[in-house]
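With the numbering used here applied, the sequence shown corresponds to residues 3 to 263, in that order. Before any comments, here is the structure.
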Amino acid sequence: MIKHLQLFHCIFTISLQRQLAHRANLFFEILMTAIGLLSGIFAVAAIFSRTSSLAGWSLGGTIVLLGSYQFVSGIIAAFVTPNLAFFQPKVTNGEIDEALLKPASNLFLMSLGTCQPWAITQSLLGLATVGFGIAIGSIKLTALSLLLYGLLLFIGVLTAWASRALLACLAFWAPGMEPSIIYDACWELGRYPLAVYHPFLQKLLTHVIPIAFISTFPALVLVQGPTKALFIGSLIGGSIFLILVSIVWRRALRRYTSATS
Numbered sequence: 003m004i005k006h007l008q009l010f011h012c013i014f015t016i017s018l019q020r021q022l023a024h025r026a027n028l029f030f031e032i033l034m035t036a037i038g039l040l041s042g043i044f045a046v047a048a049i050f051s052r053t054s055s056l057a058g059w060s061l062g063g064t065i066v067l068l069g070s071y072q073f074v075s076g077i078i079a080a081f082v083t084p085n086l087a088f089f090q091p092k093v094t095n096g097e098i099d100e101a102l103l104k105p106a107s108n109l110f111l112m113s114l115g116t117c118q119p120w121a122i123t124q125s126l127l128g129l130a131t132v133g134f135g136i137a138i139g140s141i142k143l144t145a146l147s148l149l150l151y152g153l154l155l156f157i158g159v160l161t162a163w164a165s166r167a168l169l170a171c172l173a174f175w176a177p178g179m180e181p182s183i184i185y186d187a188c189w190e191l192g193r194y195p196l197a198v199y200h201p202f203l204q205k206l207l208t209h210v211i212p213i214a215f216i217s218t219f220p221a222l223v224l225v226q227g228p229t230k231a232l233f234i235g236s237l238i239g240g241s242i243f244l245i246l247v248s249i250v251w252r253r254a255l256r257r258y259t260s261a262t263s
């Protein structure tokens, strides 16, 4: 674990130095993120101009949820997407040999081997949005709710990483498929409370594509208060996805044909 943390620190430092060579990109990254986030807030405000509640959620609570979604999206965009967005060609072209030969977890190297630090601005703006939602919703906070909110966000990030890595593993069995299109479309549904969707879709977004873990579950802790069932359920769900990705990845590598084979 310590070795991987040190490796992660080195990867982040090198990537940051590389992006510092193009500092103007930071301005445009913040600008585009702010525009997208404001568009989301205006969309929520437009909905609440016609109603006082959205599937039991207040305006402030829904904005907290939107900010939570933005936070996790920023982490994934910074650390996961740069590695797994174009994973399928790496498998079909036999380009993962180098990672398999290095003295570190090949799953770690293939899914977190590089990053785009500027994307973290999305997460920072997401936290600011959470604060805005708390303020306009007059949401009362406790030390316990803040602690559990942070833990559920962490679980949400790990679950999102695991689900995205599981999706990438499909390239070993069906290299011609591009399931990330469907995944990305489902990811956008995390902007709104899980309860607004059809019951079947709610189950899909919880047990198959775990979008509920990235926004609805963490936001519930702040909006409705911490509950043991929510925390334990999230912990179990996240653990299942982490175990599953480890098993599937090992089996997927057995099907891999290297470039030198």
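Positions of the beta carbon are idealized from the N, C-alpha and C atoms, including for glycine. Predicted, not measured: the structure shown is a model, and the values here were computed from it.
Counting Cβ pairs, one atom from each stretch, are 3 or more of them under 8 Å apart for the stretch 66-80 and the stretch 121-139? Cβ pair count under 8 Å is three or more, so yes.
Checklist entry - Between 21, 69, 54, 50, which lies nearest to residue 35 when the distance is taken from Cα to Cα? => result When the alpha-carbon of residue 35 is set against those of 21, 69, 54, 50, the nearest one is in 69.
* Between which two residues does the alpha helix (DSSP H) carrying residue 178 extend? -> Looking at the DSSP string, residue 178 is not in any alpha helix (DSSP H), and its letter there is neither H nor E.
- Message: Assess contact between the stretch 55-64 and the stretch 128-146, defined as three or more Cβ pairs (one per stretch) separated by less than 8 Å. Is contact present?
- Response: The stretch 55-64 is in contact with the stretch 128-146.
Practice item. Give a yes or no on contact between the stretch 182-189 and the stretch 201-214, applying the rule of three or more CB pairs nearer than 8 Å. Key: Three or more Cβ pairs drawn from the stretch 182-189 and the stretch 201-214 lie within less than 8 Å of each other, which places the two stretches in contact.
_Unbroken alpha helix (DSSP H) run spanning residue 96, endpoints_ = Run containing residue 96: none; DSSP gives neither H nor E here.
**Report entry** Buried versus exposed call for residue 158 [16 or more other C-beta atoms within 10 Å across all chains shown]
**Finding:** Burial call: buried.
Residue 255 to residue 175 span [Cα, whole Å]: For residue 255 and residue 175, the distance between alpha carbons rounds to 10 Å.
Exercise for the section: Specify, as a first and last residue, the run of the alpha helix (DSSP H) that residue 63 falls within. Expected result: Start and end: 61-81.
**OP:** Buried or exposed for residue 231, please, with buried defined as at least 16 other CB atoms from any protein chain shown within 10 angstroms of its CB.
**Re:** Exposed.
- Would the stretch 211-221 and the stretch 156-171 be scored as touching if the rule is three or more Cβ pairs under 8 Å? Taking a contact to require three or more Cβ pairs closer than 8 Å, the stretch 211-221 and the stretch 156-171 qualify as touching.
Q | Three-state secondary structure (DSSP) of residue 143 | A | Under the three-state reduction of DSSP, residue 143 is assigned to coil, being neither helix nor strand.
In or out: residue 91 buried (at least 16 other Cβ within 10 Å) or exposed? Answer is exposed; the Cβ neighbour count stays below 16.
Self-check item: Among 149, 9, 94, nearest to residue 257 - alpha-carbon criterion
Solution: Of 149, 9, 94, the residue nearest in Cα terms is 94.
ask   = With a cut-off of 9 Å, does the C-beta of residue 107 fall near any C-beta of chain C?
value = No chain C is part of this structure, which consists of one protein chain only.
### Query
How about residue 26 and residue 79: do their beta carbons lie closer than 9 Å?
It is not a contact, given that the beta carbons lie outside the stated cut-off.
Residue 113 to residue 178, Cα distance in whole Å? Distance between the alpha carbons of residue 113 and residue 178 is about 20 Å.
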